[in-house]
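Protein sequences, first through last, are from chains F and W. If you're matching positions, the first sequence starts at 1 in our numbering and goes up one per residue. If you're matching positions, the second sequence starts at 1 in our numbering and goes up one per residue. Note that CB positions come from ideal geometry on N, CA and C, so glycine has one too. If you're wondering where the values come from, they're calculated on a predicted model, not measured in any experiment. What follows is one structure encoded as structure tokens, with my remarks underneath.
Protein chains: 2
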Amino acid sequence: MTRQELIKTIRTKKSFLCVGLDSDINKIPQHMRGDKDAIFNFNKAIIDATLPYAVAYKPNLAFYEAGGIKGLEQLKMTMDYLHSLNDKVFTIADAKRGDIGNTSQQYAKAFLDPNGDFNFDSLTVAPYMGEDSVTPFTVYDGKWVILLALTSNKGAFDFQFMEDKNEGKHLFEKVLESSRKWGNDENMMYVVGATKADMLTTVRAIVPNSFLLVPGVGAQGGSLTEVCRYGITSECGLLVNSSRGIIYASGEKDFAERAAQEAQKLQCQMAEELKNHNVI
Amino acid sequence: MTRQELIKTIRTKKSFLCVGLDSDINKIPQHMRGDKDAIFNFNKAIIDATLPYAVAYKPNLAFYEAGGIKGLEQLKMTMDYLHSLNDKVFTIADAKRGDIGNTSQQYAKAFLDPNGDFNFDSLTVAPYMGEDSVTPFTVYDGKWVILLALTSNKGAFDFQFMEDKNEGKHLFEKVLESSRKWGNDENMMYVVGATKADMLTTVRAIVPNSFLLVPGVGAQGGSLTEVCRYGITSECGLLVNSSRGIIYASGEKDFAERAAQEAQKLQCQMAEELKNHNVI
Numbered sequence: 001m002t003r004q005e006l007i008k009t010i011r012t013k014k015s016f017l018c019v020g021l022d023s024d025i026n027k028i029p030q031h032m033r034g035d036k037d038a039i040f041n042f043n044k045a046i047i048d049a050t051l052p053y054a055v056a057y058k059p060n061l062a063f064y065e066a067g068g069i070k071g072l073e074q075l076k077m078t079m080d081y082l083h084s085l086n087d088k089v090f091t092i093a094d095a096k097r098g099d100i101g102n103t104s105q106q107y108a109k110a111f112l113d114p115n116g117d118f119n120f121d122s123l124t125v126a127p128y129m130g131e132d133s134v135t136p137f138t139v140y141d142g143k144w145v146i147l148l149a150l151t152s153n154k155g156a157f158d159f160q161f162m163e164d165k166n167e168g169k170h171l172f173e174k175v176l177e178s179s180r181k182w183g184n185d186e187n188m189m190y191v192v193g194a195t196k197a198d199m200l201t202t203v204r205a206i207v208p209n210s211f212l213l214v215p216g217v218g219a220q221g222g223s224l225t226e227v228c229r230y231g232i233t234s235e236c237g238l239l240v241n242s243s244r245g246i247i248y249a250s251g252e253k254d255f256a257e258r259a260a261q262e263a264q265k266l267q268c269q270m271a272e273e274l275k276n277h278n279v280i
Numbered sequence: 001m002t003r004q005e006l007i008k009t010i011r012t013k014k015s016f017l018c019v020g021l022d023s024d025i026n027k028i029p030q031h032m033r034g035d036k037d038a039i040f041n042f043n044k045a046i047i048d049a050t051l052p053y054a055v056a057y058k059p060n061l062a063f064y065e066a067g068g069i070k071g072l073e074q075l076k077m078t079m080d081y082l083h084s085l086n087d088k089v090f091t092i093a094d095a096k097r098g099d100i101g102n103t104s105q106q107y108a109k110a111f112l113d114p115n116g117d118f119n120f121d122s123l124t125v126a127p128y129m130g131e132d133s134v135t136p137f138t139v140y141d142g143k144w145v146i147l148l149a150l151t152s153n154k155g156a157f158d159f160q161f162m163e164d165k166n167e168g169k170h171l172f173e174k175v176l177e178s179s180r181k182w183g184n185d186e187n188m189m190y191v192v193g194a195t196k197a198d199m200l201t202t203v204r205a206i207v208p209n210s211f212l213l214v215p216g217v218g219a220q221g222g223s224l225t226e227v228c229r230y231g232i233t234s235e236c237g238l239l240v241n242s243s244r245g246i247i248y249a250s251g252e253k254d255f256a257e258r259a260a261q262e263a264q265k266l267q268c269q270m271a272e273e274l275k276n277h278n279v280i
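Shown next, in the form of structure tokens:
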């Protein structure tokens, strides 16, 4: 999906909601767990229920890999289902990959190749190994690398805020700056955690127009209003993710209905923000 | 495999060679490519040929994921085969994972769980997301996290050598220092590229006894002698990896024989180093 298509989808749906499919066999409703395609059935129900309110879906690879090959078959079924929808959505492989050049090429093939098993629109990538670990993900037309800049977890403070001796810049700022030479606003986004919303001003000073994937609203405690205050652009420029707050809103038979309610609640807030900031 | 078992294996085999199974369908010998289990057949032949000379095998996940679910089935067959050997070897999932705590738990389950599809001894992890992204990998007895410190690629210079404003320390030094609170010499190793052998003195000042996984000898240009000069300990403390230099030593029908020759050549050099440094 291109940048213009993404922006159009956001304006049409009045939403920049990404639903995180962190689907765990031990957390989905008890009555579904016995089925051999339990995770796919759960995902399908969540997708069907939240599709009017969401522009993106983000399966986190760890939850599928934890089920071994069978878990990845559930992911493939989920991706096949997403691709079959008339209502096109942006898909994110939350995989946090990154390796030396010839190896990153293989990861790019695994997740972004239109002829591969998954054919995601985008992939999250960790920047520790630098340029040649990132650029192989930018070669597919209309596909995206989503680079970790400032993550939503406590461990983000261990290294991402390290200050550079010469310029006093934080590591995450150096990642943002360096990456401008590796990609552009049409093929590179950044992860910036909602729990660090006050840092969005710093982020926007470096990447004023880039899309940001913002996790941490909901279960992790981030605020949508704060994220928009510092991060929204005239073309939105945000994908705000909620995983557990939506998919596990209920652990009972009404899980899909409750997921829809939570997604709608966020979409309504997002529509307000889009209006307030003159995006729509 | 515990640290003591690993050291014993090294002393018995007079080798600290790790064979990297970066098995690519487009690079294995032409005559094998048609078979549905081509990658497994290739790996099995390489393993059988190199087993007298190697103490560890390191499939890089990217090469299996690039083949989609079928690719991962080849990995499972490879791991099942390695587990079936009487000659026990150390297995490394070169996966470079790392995510927020509850997600890293799922990756740990995917790769290290004895009841999972793969049951590796260890997993490589990227440190960008800090403590809670790393510690979930240390919970399985006799299993290891191998943390990226200083990688062998050109992009390593982008961030890993960033100097801290307060202490003047490099990012990779801070990663090494911080990680000492997250694990110990029984469950944590580090990736240090052979192409940066002169930095091993700095590394050893922080982690004097830890095992280091050293890629970059061979195709990437690192020197075994240099690595040993600065990195070897009284218990060896090194696993030196070669991937392409061994598995693609020939692209013809003699590929396994040539792989064995290359592995033996390295093992002979390693036996010399182990003697010279009084490890055996």
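Straight through space, the alpha carbons of W/L147 and W/P127 are spaced by roughly 7 Å. Residues of the region 105–117 of chain W whose Cβ lies closer than 9 Å to any Cβ of chain F, in chain order: Q105, Q106, Y107, A108, K109, A110, F111, D113, G116, D117. Put simply, the backbone Cα of W/K27 is about 52 Å away from that of F/E273. Between F/A62 and chain W, the shortest Cβ-Cβ separation is below 9 Å. A direct Cα-to-Cα measurement between F/I39 and W/N241 gives close to 37 Å.
Put simply, the CB of W/R97 is near chain F, with a gap under 9 Å to one of its CB atoms. A direct Cα-to-Cα measurement between W/Q220 and W/A197 gives close to 12 Å. At a beta-carbon threshold of 7 Å, the residues of chain W lying near F/G155 are M129, G130, E131, D132, S133, ordered along the chain. Selection F/I247, F/G101, F/V279, F/K109 evaluated against F/S133 yields F/G101 as nearest (Cα-Cα).
Take F/Q264, set aside five residues on each side of it, and the residues of its chain with a beta-carbon closer than 6 Å to its own are Y53, in chain order.
Note on F/S234: under 16 other CB atoms within 10 angstroms of its CB, so exposed under the neighbour-count rule. Secondary structure of F/T91 (DSSP, three-state): strand.
Bounds of the beta strand (DSSP E) holding F/C18 are 17–21. W/L176 is outside the set of residues whose beta carbon lies under 9 Å from a beta carbon in chain F. Interface flag for W/T103 against chain F is set, since a Cβ pair is found closer than 9 Å. Taking each of F/G67, F/N86, F/N276 in turn and checking the Cα distance to F/L51, the smallest one comes out for F/N86. Under the DSSP assignment, W/Y190 falls in the beta strand (DSSP E) whose first and last residues are 188–192. Interface with chain F (9 Å Cβ-Cβ cutoff): W/T151 is included. The three-state secondary structure of F/K196, taken from DSSP, is helix. Among the CB atoms of chain F, none fall inside 9 Å of the CB of W/A197.
In the same chain as F/L213, and ignoring 5 residues on each side of it, the C-beta atoms closer than 6 Å to its own belong to I146, M189, V191, L239, in chain order.
At least 9 Å separates the CB of W/N187 from every CB of chain F. For W/F159, the C-beta contacts it makes with chain F under 8 Å involve P127, Y128, G130, L171, K174, V175, S178, in order along the chain. Contact annotation: W/K88 and W/Q267 have beta-carbon atoms that are not nearer than 9 Å. Between the alpha carbons of W/A66 and W/N166 lies a distance of about 42 Å. Contact between F/Y64 and F/G71 is confirmed by a C-beta separation of about 4 Å, below the 8 Å threshold. DSSP, read as helix, strand or coil, puts W/T2 in coil. Contact between W/R244 and W/D22 holds: their C-beta atoms lie close to 7 Å from each other, under 8 Å.
Residue environment analysis places W/D35 among the exposed positions, since fewer than 16 neighbouring C-beta atoms fall within 10 angstroms of its C-beta. Residue-level contact check: F/N166 touches chain W, since one or more beta carbons of chain W fall below 9 Å from its beta carbon. Counting of Cβ neighbours within 10 angstroms places F/F157 among the exposed residues, the total staying below 16. Look at F/K76: its C-beta is under 9 Å from a C-beta on chain W. In the structure shown, W/P59 falls within a strand segment according to DSSP collapsed to helix, strand and coil. Here the C-alpha atom of W/A249 lies approximately 17 Å from the C-alpha atom of W/N41. Contacts with chain W at 9 Å (Cβ-Cβ) include F/A66. F/R97 is bridged by DSSP to F/V125.
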